[in-house]
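Per numbering that gives the first Met the number 0, the very first residue in the sequence shown carries number 0; after that it's consecutive.
All C-beta atoms, glycine included, are put in the ideal place defined by N, C-alpha and C.
Nothing here was measured: the structure is a model prediction, and the numbers come from that model.
Scroll down for the structure; my scribbles are underneath it.
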Amino acid sequence: MLASSAPRVVDIPHARLMTFSELRRSNYEESEIAAALRARHIVRVRHGVYASAAFWWTLKPWDRDVWKVRAHHLSSRSELIYTHVSAARLWGMDVWNATNDIHVAQRTRHGDNSAGVVRHKLMIPEEQVATQDGFRLTSKDRTVVDCAKLLPHELAVVITDSALHRGASRQGVSRILEEQAGYANISKARRVLAAANQLSESAGETRLRLKVMKWGFPPPTLQYEIDTAIGRHRADLAWPELMLILEFDGETKYNGTAPTDSVLLEERKRETALMECGWTFVRIRWPQLDHEASLRNRILRAYNNAVYTHGRPPAA
Numbered sequence: 000m001l002a003s004s005a006p007r008v009v010d011i012p013h014a015r016l017m018t019f020s021e022l023r024r025s026n027y028e029e030s031e032i033a034a035a036l037r038a039r040h041i042v043r044v045r046h047g048v049y050a051s052a053a054f055w056w057t058l059k060p061w062d063r064d065v066w067k068v069r070a071h072h073l074s075s076r077s078e079l080i081y082t083h084v085s086a087a088r089l090w091g092m093d094v095w096n097a098t099n100d101i102h103v104a105q106r107t108r109h110g111d112n113s114a115g116v117v118r119h120k121l122m123i124p125e126e127q128v129a130t131q132d133g134f135r136l137t138s139k140d141r142t143v144v145d146c147a148k149l150l151p152h153e154l155a156v157v158i159t160d161s162a163l164h165r166g167a168s169r170q171g172v173s174r175i176l177e178e179q180a181g182y183a184n185i186s187k188a189r190r191v192l193a194a195a196n197q198l199s200e201s202a203g204e205t206r207l208r209l210k211v212m213k214w215g216f217p218p219p220t221l222q223y224e225i226d227t228a229i230g231r232h233r234a235d236l237a238w239p240e241l242m243l244i245l246e247f248d249g250e251t252k253y254n255g256t257a258p259t260d261s262v263l264l265e266e267r268k269r270e271t272a273l274m275e276c277g278w279t280f281v282r283i284r285w286p287q288l289d290h291e292a293s294l295r296n297r298i299l300r301a302y303n304n305a306v307y308t309h310g311r312p313p314a315a
């Protein structure tokens, strides 16, 4: 008796999604697809949409959220516009602490009713809709407005900082807010825009700045440039008159991953060069942002020491 042949390994190209129908058209049997899932050679990103496991598990969690939106687009048969957090992710904006629900605006009553999809009944002018890689999504400016109206303040400012840093227009956002005057949560969205700063380069820098302002410190200068013996350094947040720097460790981003030895070595070199110039700094890593009392005390001690050394800053 001839032994039955082993099922083929399902091969999905790197950095690509494939639907169940595409796999079947590639001559994979249902049993082979099921076996590949059990063996963890492929992963189900969304119902009927798959990716190579070797690719999927190399992605950072926030990058996987982007690919989940792409998977939804592949699986959806409706005419959709991606909005809110989903649009922000597709634009490459920093999104922190938001759910991975898919946000869409539907034009018909018979749209997507699948799980994990938030449907918005929105009238979106065509000039506030963009097309990117086959996706229809809200423009950067409209995305900022929608997120600012929907999300808690800190989350919304993170997205707005990132959007402005990546080309959204403060004037364009203001214009949409004026057009929506009288709508729900417009005052909330205006406060988000007023708090935003396009010089912020990461979600961590934004969160740190918001905390510093909430605690009553004078507004720091962002991306302040300092010449040292080993070159020019840009401080994330600084009070130049006090020669005090708050440095957020971008290597940790959202998940608190420990920096590498090479990163730590470069940090020490920069810190030594800055100290030789008379600067004091407080280095802050991602997990410390959630321990407000201890973080505030660290910054307050450094600030008071700098005031004692250099004198009080001039009144604003």
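Could you name the residues of the same chain whose beta carbon sits closer than 6 Å to that of residue i, not counting the 5 residues immediately before and after it, in chain order?
i, result
"residue 251", "Unreliable positioning characterises residue 251 in this predicted model, as indicated by a pLDDT of 48, which lies under 50. A coordinate reading is not provided."
"residue 246", "235, 280, 282"
"residue 254", "Because residue 254 carries a pLDDT of 45, less than 50, the predicted location of this residue cannot be relied on, and the following value inherits that uncertainty. Closer than 6 Å at Cβ, skipping near neighbours: no residue."
"residue 272", "227, 228, 229"
"residue 276", "227"
According to the neighbour-count rule (16 or more other Cβ atoms, all chains shown, within 10 Å of its Cβ), is residue i buried or exposed?
i, result
"residue 203", "buried"
"residue 314", "Any reading at residue 314 must be qualified, since the residue scores a pLDDT of 44, below 50, and its modelled position is unreliable; no value is offered."
"residue 243", "buried"
"residue 46", "exposed"
"residue 11", "buried"
"residue 51", "buried"
"residue 287", "buried"
"residue 161", "buried"
"residue 131", "exposed"
"residue 27", "buried"
Relative to the C-alpha of residue i, which candidate in the options has its C-alpha closest?
i, options, result
"residue 97", "65, 73, 69", "65"
"residue 93", "72, 132, 142", "142"
"residue 151", "76, 84, 231", "84"
"residue 74", "82, 56, 57, 44", "44"
"residue 144", "168, 130, 133, 164", "168"
"residue 55", "30, 37, 13", "13"
"residue 175", "197, 205, 125", "125"
For the beta strand (DSSP E) containing residue i, list its first residue and its last residue.
i, result
"residue 49", "48-51"
"residue 103", "101-105"
"residue 230", "230-238"
"residue 226", "220-227"
Just to confirm the assignment, what range does the alpha helix (DSSP H) spanning residue i have?
i, result
"residue 66", "60-74"
Cutting at 7 Å between CB atoms, please list the residues of its own chain near residue i, excluding the five before and the five after it.
i, result
"residue 69", "16"
"residue 35", "8, 9, 41"
By Cβ distance below 8 Å, which residues in the same chain neighbour residue i in space, the five residues on each side in sequence not counted?
i, result
"residue 324", "Residue 324 lies beyond the stretch modelled for the chain, which goes from 0 to 315, so this question has no answer here."
The segment 209-228 in contact with the segment 111-124 per 3-pair CB rule at 8 Å: These segments do not touch.
Contact the segment 210-219 vs the segment 175-192: 3+ CB pairs below 8 Å: Output reads no: the segment 175-192 does not touch the segment 210-219.
Stretch pair the segment 182-202 + the segment 154-164: three plus CB contacts closer than 8 Å: Yes, since at least three Cβ pairs between the segment 182-202 and the segment 154-164 fall closer than 8 Å, the two stretches touch.
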